[in-house]
Amino acid sequence: MKYIFGVLLMFVFHGERGFAQVSERTIQDRFAMGITPEELKEHLYILASDAFKGRDTGSPELKKAAEYLADYYKGLGVKPAVNGVSYFQEYRLKRSVIKSSTIQAGKKQVYSFKKDYYSFGGFESVNWNNAPIVFAGYGIESEKYNDYKNIDVKGAIVLCIDGEPTDRSGNSIFTGNSSTSDWSDDFRLKRDIAQKKGALGIVLVDKTFDYVIERITYFLDQPRMSLDYPGEKEEQVLPYFFISPKMADALLRGSKVRSIADFEKKVAEGGAAVRSKLKRKLSATYEMVTEKFTADNVLCYIEGSDPLLKNEVVVISAHYDHVGEMGGKIYNGADDDGSGTVSAMEIAEAFVEAKQSGNGPRRSVLVLHVSGEEKGLLGSEWYSEFPIYPLQNTVCNLNIDMIGRVDDQHKDNPNYIYLIGSDKLSTDLHKISEETNKRFTQLALDYTYNDPNDPNRFYYRSDHYNFAKHNIPVIFYFSGVHEDYHQPGDDPEKIMYDKMAIIARLIFYTAWEVSNRDERLKVDVVNDFKN
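Going by the numbering used here, the sequence shown opens with residue 1328, and the numbers climb by one from there.
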């Protein structure tokens, strides 16, 4: 301590500019070095212990974890962030489980759920009675290719194929190469078109049905979770089912379209896409039982010191939920995302100590622990729709999700971190991130998953996405998947705490720079990830 202040005093006599540069560096280091492997380990061995039973959203153990976080921030002397009385942002959820479902074609052919078709739900019930079926190719409507030309699907069931049309070489007619477009990657595009055209429902042919159903049967039996929006936010989702190619060919029998394979071949050879109203009619039932409940996001708000800037907020996020218990085994989620949770706690403590010493950030810093991530980014979606601090005042989001292990690509060099999204909206943020790492932490920054064409689509799979879709600059910090990802073996004794501490310091240093610079980050890039 004496050495630090001696250095500062020495530079007082060498001009104001030199003093500012060195004091900033030493002040940052002073608080960053308080983020230690020992403290990270202490917290993680608690939150990722069997006592928290995998922190499943909606469970008593998740509430227990939320209270642990709130008690920690209360102990640091942080005032409650929500209306000055609570550390919790409560949000509303629905848990639905399939009670029964059948599909019948004509008078005799009955199809079975999980054997011939499946659905992830999102709609309350289905009761189709002899509804007409219209085959609409790939279910695509665009300037380049249109399956809905000269057909009427109002009041009918739309039958279409997953994927998109290709040429003779197998290249997509949209991308011009072997990679796929959003028409293949997001079935909701096809569902939404059918809904706009007045369809009663949509059935999509899953060409990988046998492979998929083997891997998702367990999850289809589990309750489905979704946000319970206030009435004005409720959206009616068009009922949809994924069906096997065998079931699709049976429905097509006797129509102008002989089979799914025949249709795709004709389109690839440049033939006109055939649409057809089928002879068979479809009846279906689908009933879900729904339970309503609540969960919490936990907020730690460190108010900025600059009267002109403190209304602007830098958000540091991590999800503290995991997947709970399955098959009698506890999934502790030490890396996913206990590592991000405890890192955010330590980063918060560093900012609190800076403020208490009179060196607090000029802009405000919000450490946001969200839940429901494993169920579909639900807690962060709720926050983005009902923010405690206005999104127009949110400068950026630094999101931490799995930073405690190494993946197969980096076993020989653990001092790395994947960055996703840093350059997608703001050149300022990307530059700050690069320069901060070069100056302080010297990690290898890996941008492999920052490519919009990367098939893993990690950009869409963590909580930063709910900020980026509102045009808020983001960085997603991620060390990659490993053999214990979403497995019972994701335990705290496997975490690399020294590595995690360095990454947490990088995030602290980056947040420090963003929160203390004179100008707000500029949003000056058109995002090539589609929101």
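From the three backbone atoms N, C-alpha and C, an ideal C-beta is built for every residue, glycine too.
What you are looking at is a predicted structure, and each value in this text was computed from that prediction instead of being measured.
Mind listing, in chain order, the continuous alpha helix (DSSP H) runs of no fewer than 4 residues lying wholly within the stretch 1741-1777?
Listed in chain order, they are 1754-1763.
So is Met1360 buried or exposed if we call it buried at 16+ other beta carbons inside 10 Å?
Answer is exposed; the Cβ neighbour count stays below 16.
Using the C-alpha atoms, what's the distance from Tyr1787 back to Val1850?
Going by the C-alpha atoms only, they are around 20 angstroms apart.
How big is the Cα-Cα spacing for Ala1393 and Phe1590?
Computed Cα separation, rounded: 53 angstroms.
Can you tell me whether Thr1837 is buried or exposed? The criterion is at least 16 other CB atoms within 10 Å of its CB, across all chains shown.
Looking at its Cβ environment, which holds 16 or more other Cβ atoms inside 10 Å, Thr1837 is buried.
With a CB to CB cut of under 6 angstroms and the five nearest residues on each side skipped, what residues in its chain are close to Lys1524?
Taken in chain order, the residues that qualify are Val1480.
Work out the CA separation of Gln1683 and Leu1371 for me, nearest whole Å.
Roughly 25 angstroms separates the two Cα atoms.
Rounded to the nearest angstrom, what separates Lys1380 and Val1424 at their Cα positions?
Looking at the two C-alpha atoms, the distance is approximately 22 angstroms.
Tell me which residue opens and which closes the beta strand (DSSP E) that Met1615 is part of.
Start and end: Ser1603 to Ile1629.
Within 10 angstroms of its Cβ, does Met1823 collect 16 or more other Cβ (buried), or is it exposed?
Buried, since its Cβ has 16 or more Cβ neighbours within 10 Å.
Confirm, please, whether the CB-CB distance from Arg1844 to Glu1639 is below 8 angstroms.
No; because the gap between Cβ atoms is not below 8 angstroms, this pair is not in contact.
Against chain C, does Arg1732 count as a neighbour if the rule is that its beta carbon must be under 8 angstroms from one of theirs?
Annotation note: the requested chain C is absent from the structure, which comprises a single protein chain.
For Met1328, which residues in the same chain have their Cβ closer than 6 angstroms to its Cβ, ignoring the five residues on either side in sequence?
Note that Met1328 scores a pLDDT of 32, beneath 50, so its modelled location is shaky; the value from the coordinates is reported in the next line. Nothing meets the Cβ criterion.
Using C-beta distances below 7 angstroms, list every residue in its chain close to Ser1452, excluding the 5 sequence neighbours before and after it, in chain order.
Excluding positions up to five away in sequence, the list reads Tyr1613, Glu1614 and Met1615.
Since Ser1806 contacts Ile1727 with CB under 8 angstroms, what's their CB separation in whole angstroms?
Their Cβ separation, rounded to whole angstroms, is 10 angstroms, which puts Ser1806 and Ile1727 out of contact at 8 angstroms.
Using C-beta distances below 7 angstroms, list every residue in its chain close to Glu1673, excluding the 5 sequence neighbours before and after it, in chain order.
Excluding positions up to five away in sequence, the list reads Ile1362, Glu1366, Leu1367 and Ala1831.
Using the C-alpha atoms, what's the distance from Val1625 back to Leu1396?
Straight-line Cα distance between these residues: approximately 7 angstroms.
Using a 10 Å radius around the Cβ and a threshold of 16 neighbouring Cβ atoms, would you call Gln1348 buried or exposed?
The pLDDT assigned to Gln1348 is 40, lower than 50, so where the model puts this residue is not dependable, and the model offers no usable value.
What's the C-alpha gap between Asn1440 and Gly1482?
A small correction: the amino acid at residue 1440 is Phe; Asn does not occupy that position in the sequence shown. Computed Cα separation, rounded: 23 angstroms.
Are the stretch 1493-1500 and the stretch 1515-1523 touching, with three or more C-beta to C-beta distances below 8 angstroms?
These segments do not touch.
If you drop the 5 nearest sequence neighbours on each side, which residues of the same chain put their C-beta closer than 8 angstroms to that of Tyr1444?
Here the set comprises Ile1430, Tyr1438, Val1530, Phe1568, Phe1569, Ile1570, Ser1571 and Met1574.
Unbroken beta strand (DSSP E) runs of length 3 or more, entirely within the stretch 1622-1704: which are they?
Fully enclosed beta strand (DSSP E) runs of 3 or longer: 1640-1646, 1651-1653, 1656-1658 and 1691-1697.
How would you write the range of the beta strand (DSSP E) that Val1437 sits in, first residue to last?
Here the beta strand (DSSP E) through Val1437 covers Gln1436 to Ser1439.
Look at the alpha carbon of Val1412 and the alpha carbon of Lys1406, and state the distance between them as a whole number of angstroms.
Roughly 8 angstroms between the two C-alpha positions.
Assign Leu1635 to one of two classes, buried (16 or more other C-beta atoms within 10 Å of its C-beta) or exposed (fewer than that).
Leu1635 comes out exposed.
With DSSP as the reference, identify every bridge partner of Pro1459, one or two as the case may be.
According to DSSP, Pro1459 bridges with Lys1608.
Assuming Ile1834 and Tyr1804 are in contact, meaning their beta carbons sit under 8 angstroms apart, how far apart are those beta carbons, in whole angstroms?
Yes, they are in contact, since the Cβ atoms of Ile1834 and Tyr1804 sit about 6 angstroms apart, within 8 angstroms.
Does Val1859 pass the burial test, meaning 16 or more other C-beta atoms within 10 Å, or should it be called exposed?
Here the chain comprises residues numbered 1328 to 1858, so residue 1859 is not present and cannot be evaluated.
Measure the alpha-carbon distance for Leu1554 versus Gly1660 and round it to whole angstroms.
Distance between the alpha carbons of Leu1554 and Gly1660: 23 angstroms.
Shortest alpha-carbon distance to Thr1507 belongs to which of Tyr1812, Arg1784, Gln1814 and Ile1802?
Per the Cα distances, Arg1784.
Just to confirm my understanding: we take Ile1715, look at its own chain, exclude 5 residues before and 5 after, and list those with CB closer than 7 angstroms. What are they?
The residues are Ala1408, Val1409, Gln1416 and Leu1626.
Could you check which residue in Ala1588, Val1841 and His1797 has the C-alpha nearest to that of Pro1717?
The option with the nearest alpha carbon to Pro1717 is His1797.
Taking only runs of the beta strand (DSSP E) that begin and end inside the stretch 1516-1565, which ones reach a length of at least 3 residues, in chain order?
For the stretch 1516-1565, whole beta strand (DSSP E) runs of length 3 or above, ordered along the chain, are 1528-1532 and 1551-1554.
Is the beta carbon of Ala1677 less than 8 angstroms from the beta carbon of Phe1358?
Going by C-beta atoms, Ala1677 is nearer than 8 angstroms to Phe1358.
Going by DSSP in three states, Thr1721 sits in which element: helix, strand or coil?
DSSP places Thr1721 in strand when its eight states are reduced to three.
Taking Gly1402 as the reference, which of Ile1373, Asp1633 and Ala1675 has the closest Cα?
That would be Ala1675, whose Cα lies nearest to the Cα of Gly1402.
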